[in-house]
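S.K.:
Residue numbers (our numbering), protein chains in the order written: chain A, 1131 to 1706; chain B, 487 to 815.
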């Protein structure tokens, strides 16, 4: 069939018209422009959910993507390094902060760089520290606090924040002392906030503005920055999920080497990330590692460089000690004895990297400087016979199919985990035959409600599980540990989903929380860890890997497998 | 026709109402927007959870919650997401993104489907018919995500290598941040370069099925008495096929295409994900279901259902235009 000339023209016009219309329909953001300092641009493909809010202290801003955008935006007194140590920020401060404990109180002194100013020229002073404290010190409205806050940890123990030397010396007083004082005014989730732009006359008004936060469409108040990068409102494209960071012209320290750091939401489809990297549309990606993804990326060498690291988040088993079977410590120990954790590691994270190790500490991870192997020797290799002996001690007898029974009850344990997580599913599938060899029957259960609230009966909080496999996201600090291991008081389970503990462990944690010196903290935590192995409420398995890949024309990319994230040092990157 | 339209709209409103209630019930039973925070370590204070429950209205009775949503939706207020952004704002942006992606694709797909379908029918069992049939079935059988990945790898990679510069893009609507420093032709050609692959992907996959409908309808019509009569009266073959045949054979395709467009507005979920267009499909999956966000799911439902209803109505009206014997009343 031949189209007439007129029809053909109509069709052609229609198609081009439609394509042009669709092409020009996008939000046309004007303004911005290339900055005077820095050269080149780097596009980072953000694989986690795009943020709706940029204020990190509230639920709406509690996103990895927010943390990535703000990695170098607001001033932070301490920074978490890729080797998991915590270092003071020598551009923001002139000397290392000092901490002194006298009696029941602790005094920390910060000396702010005299040149340190916000991007609008206002000096950064003790007022900003005082305001950041006042904003986060309480979640109780009656006490002038704000319930929208995700955390008040540390700030609720401060009794005073005072300035001297024209506000450039800040003295913070804690009572009682705070073990994680280095985490205050630090990290992308709790930086120093600009008092001159955010402070309000009454606590109620302040709480209201905290609750609203910084919706991403509006950007940061006054496009403020106190770090190397700046995020201007005009550089935010909400619909296309793109933000462009440009150098902060008023930054007093080392300015970024790049003209633009583009952060683009690309979703969590691994093929998209790899193809974007190979076509050059993306320069840096930080996806959840999966085997085929890692293989594909390694196939792009030498144009692409990639690296596997082990981060602070770790997988572990929690045993519910209120369960009739697992309330017996012998059963929990038998479970642990039967497992070949080395094989579990080999079949899961060991596939990514030969550096993968069995984790033998509840509090510190293998590659943290504080790590110490506290696991009793019997757990280093599988011991099905030892497991059986323990079970027999507790009155269990082997049934006809080899599975133990007691009083007609079968030794069958359901291991719950999150739905749609291949790594966790493999972990449990490797466990099942190991346990069967010791006469323990285990089953895999993907539980969509595992992290839900107390009103869902099968959630961890509600306690409707036997054993559960999930991860905790660790950090270099210690104050997140007590809620996991201290005894349950009344209904407040905290995060002690095993519902176990001893007064001795509680006392050690109480002591830890008021011990600011690192060496003493390490000694106490190792004592605690040995006790945790004895009660066997939780069995650590392995650290989870992180995966960074970038086009080889970028210099300076270094993975930071902590909450500081891959963009922690983006201001030092250069591009050829 | 007017009464017909009004009656259809009223019936549709009832359908929307019932479906929104059912979906709301499902969401209310299965979503727990607070579940993202219980496992934060350290866990937020209890005051945080109480506050969030209150703020999201989770303490209210089921029917009160539905009524709050419904009364808002009737006045154009679709509520806010769990993170406090108005759903109506996001729906607008998302709809534009999806719209931009599907407009050209639908036009190309319809034209291709008609042309190929007619050729296939007129030249039935000739070589060209076999070739087109083979291609159509191949495209129908290909999984979308795989086809899109092939396009990216070979079409985009091949053309870019051939031309020695990046002409076709695989991610997003434009080179990120380009509109900050470029304008005019550079920006337009960049957007066109981003549009080509998703358009080809959607167009080819939609056209494949549609061309089969067109071919079948055309074959049906070609064998009918009035076609023979037209030829007997001395009209040229070409004229009978185009004027008498094609017009009648368009009716079945109209229904299929109209329903297809309506559904596409709800989101070409996989195409959007693969090409990173933040449209309606992604909105439902990521922001709605994954985020446990009832308002997002309901907002999506209402808008995409409205599109299906509207395009159905358009199909009915088009019947009357194409076939004057049909009287809508």
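Even for Gly, the Cβ is constructed at its ideal location relative to N, Cα and C.
Since the structure is predicted, the reported quantities are computational estimates derived from the model, not experimental observations.
(1) Bridge partners of residue 1439(A), per DSSP?
(2) Determine the direct distance from the alpha carbon of residue 1701(A) to that of residue 1675(A), and round the result to whole angstroms.
(3) Could you tell me which chain B residues have their CB closer than 7 Å to the CB of residue 1581(A), listed as they occur along the chain?
(4) Quick one: list the residues of chain B neighbouring residue 1171(A), beta-carbon separation under 8 Å, in chain order.
(5) Kindly list, in the order they appear in chain B, the residues whose Cβ is closer than 9 Å to that of residue 1324(A).
(6) Residue 1363(A) by DSSP, collapsed to three states: which one?
(7) Output, in sequence order along the chain, the residues in the region 622-640 of chain B whose CB is closer than 7 Å to any CB in chain A.
(8) Assign residue 618(B) to one of two classes, buried (16 or more other C-beta atoms within 10 Å of its C-beta) or exposed (fewer than that).
(9) Do residue 1380(A) and residue 1232(A) have their CB atoms nearer than 8 Å?
(10) What residues in the region 1255-1270 of chain A have a beta carbon less than 7 Å from any beta carbon of chain D?
(11) In chain order, what residues of the same chain lie with their CB nearer than 7 Å to the CB of residue 622(B), ignoring the 5 residues before and after it?
(12) Report the residue from 558(B), 562(B) and 512(B) whose alpha carbon sits nearest the alpha carbon of residue 548(B).
(13) Residues of chain A with CB closer than 9 Å to the CB of residue 620(B), please, in chain order.
(14) For residue 1663(A), which residues of its own chain have a beta-carbon under 7 Å away from its beta-carbon, when the five flanking residues on both sides are left out?
(15) Against chain B, with Cβ distances strictly below 8 Å, would residue 1534(A) count as a contact?
(16) Excluding the five sequence neighbours on either side, which residues of its own chain have a C-beta within less than 7 Å of the C-beta of residue 765(B), listed in chain order?
(17) Can you pull out the residues from the region 1172-1194 of chain A whose beta carbon lies closer than 7 Å to at least one beta carbon of chain B?
(18) Closer than 8 Å, CB to CB, is residue 1278(A) near chain B or not?
(19) State the Cα-Cα distance for the pair residue 719(B) and residue 620(B), rounded to the nearest angstrom.
(20) Name, please, each residue of chain B whose Cβ falls closer than 7 Å to the Cβ of residue 1411(A).
(21) Which residues of chain B have a Cβ atom closer than 7 Å to the Cβ of residue 1365(A), listed in chain order?
(22) Measure the C-alpha to C-alpha separation of residue 1165(A) and residue 1606(A) and round it to an integer number of angstroms.
(23) Sorted by chain position, which residues of the same chain lie with C-beta nearer than 8 Å to residue 1341(A)'s C-beta, five sequence neighbours on each side aside?
(24) Between which two residues does the alpha helix (DSSP H) carrying residue 501(B) extend?
(25) Quick check on the DSSP output: the beta strand (DSSP E) that includes residue 1393(A) runs from which residue to which?
(26) How far does the alpha helix (DSSP H) with residue 692(B) in it extend, from its first residue to its last?
(27) Do you know offhand how far residue 1649(A)'s Cα is from residue 1512(A)'s?
(28) Grouping DSSP H, G and I as helix and E and B as strand, with all else coil, what is residue 1229(A)?
(29) Tell me the residue span of the beta strand (DSSP E) that contains residue 1597(A).
(30) Which residues does DSSP pair with residue 1448(A) in a beta bridge?
(31) Go to residue 555(B), then tell me how far its alpha helix (DSSP H) extends in each direction, as first and last residue.
(32) Taking DSSP as the reference, what is the three-state secondary structure of residue 1491(A)?
(33) Which value, in whole angstroms, describes the spacing of the CA atoms of residue 1555(A) and residue 1388(A)?
(34) Strictly below 7 Å CB to CB, what residues from chain B border residue 1369(A)?
(35) Is it the case that the region 792-809 of chain B contacts the region 493-502 of chain B, given that we only count it when at least three CB pairs across the two stretches are under 8 Å?
(36) Exposed or buried, residue 1151(A), counting other C-beta atoms within 10 Å across all chains shown (16 or more means buried)?
M.R.: For this structure:
(1) The count along the first chain starts at 1 and reaches residue 1439(A) at position 309. In the DSSP secondary-structure assignment, residue 1439(A) is bridged to 1676(A).
(2) Numbered from 1 along the first chain, position 545 holds the residue referred to as residue 1675(A). Numbered from 1 along the first chain, position 571 holds the residue referred to as residue 1701(A). C-alpha separation (whole angstroms): 25 Å.
(3) Position 451 of the first chain, counted from the first residue, corresponds to residue 1581(A). Neighbours of residue 1581(A) on chain B, chain order: 521, 524 and 525.
(4) For the purposes of this step, residue 1171(A) is taken as the residue at position 41 of the first chain. By Cβ distance, chain B contributes 663.
(5) Position 194 of the first chain, counting from 1, holds the residue named residue 1324(A). Within 9 Å Cβ-Cβ: nothing; residue 1324(A) doesn't reach chain B, min ~22 Å.
(6) If you number the first chain from 1, residue 1363(A) lands on position 233. Residue state for residue 1363(A) is assigned as strand, using DSSP reduced to three classes.
(7) Under the 7 Å Cβ criterion, the region 622-640 of chain B contributes 635, 638 and 639.
(8) Your numbering for residue 618(B) matches position 132 in the second chain. With 16 or more other Cβ atoms within 10 Å, it is buried.
(9) In the first chain, residue 1380(A) corresponds to position 250, counting from 1. In the first chain, residue 1232(A) corresponds to position 102, counting from 1. No, the Cβ-Cβ distance between residue 1380(A) and residue 1232(A) is not below 8 Å.
(10) Structure shown: chain D not included; protein chains present are A and B.
(11) On the second chain, position 136 is the one that residue 622(B) refers to. Close CB contacts of residue 622(B) within its chain, under the 7 Å cut and outside five residues either way in sequence, are with 694, 697 and 698 (chain order).
(12) The sequence position of residue 548(B) within the second chain is 62, counting from 1. Closest by alpha carbon: 512(B).
(13) In the second chain, counting from the first residue as 1, residue 620(B) sits at position 134. What residue 620(B) touches in chain A: nothing, since even the nearest Cβ is about 20 Å away.
(14) Position 533 of the first chain, counted from the start, is the residue given in the question as residue 1663(A). The answer, listed in chain order, is 1504, 1505 and 1506.
(15) Start at 1 with the first residue of the first chain, and residue 1534(A) comes out as number 404. For residue 1534(A), the answer is no, since every Cβ of chain B falls outside 8 Å of its Cβ.
(16) Residue numbering aside, residue 765(B) sits at position 279 when the second chain is read from its first letter. Around residue 765(B): 580, 583, 584, 587, 753 and 758.
(17) Listed in sequence order: 1173, 1179, 1182, 1183, 1189 and 1190.
(18) Looking up residue 1278(A) in the first chain gives position 148. The beta carbon of residue 1278(A) falls within 8 Å of a beta carbon belonging to chain B, placing the residue at that interface.
(19) Mapped onto the second chain, residue 719(B) falls at position 233. Mapped onto the second chain, residue 620(B) falls at position 134. Going from the Cα of residue 719(B) to the Cα of residue 620(B) covers about 37 Å.
(20) Taking the first chain and counting its residues from 1, the one referred to as residue 1411(A) is at position 281. Neighbours of residue 1411(A) on chain B, chain order: 655, 656 and 657.
(21) Your numbering for residue 1365(A) matches position 235 in the first chain. Near residue 1365(A) (Cβ distances below 7 Å), the residues of chain B are 666.
(22) Locating residue 1165(A) in the first chain gives position 35, counting from the first residue. Locating residue 1606(A) in the first chain gives position 476, counting from the first residue. Interpretation of residue 1165(A) is limited by its pLDDT of 40, a score under 50 that renders its predicted location unreliable; the figure taken from the coordinates is listed afterwards. In this structure, the straight-line span from the alpha carbon of residue 1165(A) to that of residue 1606(A) is close to 36 Å.
(23) Residue numbering aside, residue 1341(A) sits at position 211 when the first chain is read from its first letter. Cβ neighbours of residue 1341(A) beyond the five flanking positions: 1188, 1276 and 1278.
(24) Here residue 501(B) is taken as the residue at index 15 of the second chain, counted from 1. DSSP places residue 501(B) in the uninterrupted alpha helix (DSSP H) bounded by 488-516.
(25) If you number the first chain from 1, residue 1393(A) lands on position 263. That run of the beta strand (DSSP E) goes 1390-1395.
(26) Locating residue 692(B) in the second chain gives position 206, where the first residue counts as 1. 671-708 is the extent of the alpha helix (DSSP H) around residue 692(B).
(27) Locating residue 1649(A) in the first chain gives position 519, where the first residue counts as 1. Locating residue 1512(A) in the first chain gives position 382, where the first residue counts as 1. The C-alpha of residue 1649(A) lies about 33 Å from the C-alpha of residue 1512(A).
(28) Locating residue 1229(A) in the first chain gives position 99, counting from the first residue. Under the three-state reduction of DSSP output, residue 1229(A) falls in the strand class.
(29) Walking along the first chain from the start, residue 1597(A) turns up at place 467. 1597-1603 is the extent of the beta strand (DSSP E) around residue 1597(A).
(30) As a working mapping, residue 1448(A) is identified with position 318 in the first chain. Note: residue 1448(A) sits in a beta bridge opposite 1598(A) and 1668(A).
(31) As a working mapping, residue 555(B) is identified with position 69 in the second chain. DSSP places residue 555(B) in the uninterrupted alpha helix (DSSP H) bounded by 548-560.
(32) Position 361 of the first chain, counted from the start, is the residue given in the question as residue 1491(A). Coil at residue 1491(A), not helix or strand.
(33) Taking the first residue of the first chain as 1, we reach residue 1555(A) at position 425. Taking the first residue of the first chain as 1, we reach residue 1388(A) at position 258. In a straight line, the C-alpha of residue 1555(A) is about 42 Å away from that of residue 1388(A).
(34) Taking the first residue of the first chain as position 1, residue 1369(A) is located at position 239. Residues of chain B passing the Cβ test: 579, 583 and 764.
(35) By the Cβ criterion, the region 493-502 of chain B is in contact with the region 792-809 of chain B, since at least three pairs of Cβ atoms, one from each stretch, lie closer than 8 Å.
(36) By 1-based counting over the first chain, the position of residue 1151(A) is 21. Residue placement at residue 1151(A) cannot be trusted, given a pLDDT of 44 that sits under 50; what the coordinates show is reported in the next sentence. Sixteen is the threshold: since fewer than 16 other Cβ atoms of the shown chains lie within 10 Å of the Cβ of residue 1151(A), the residue is exposed.
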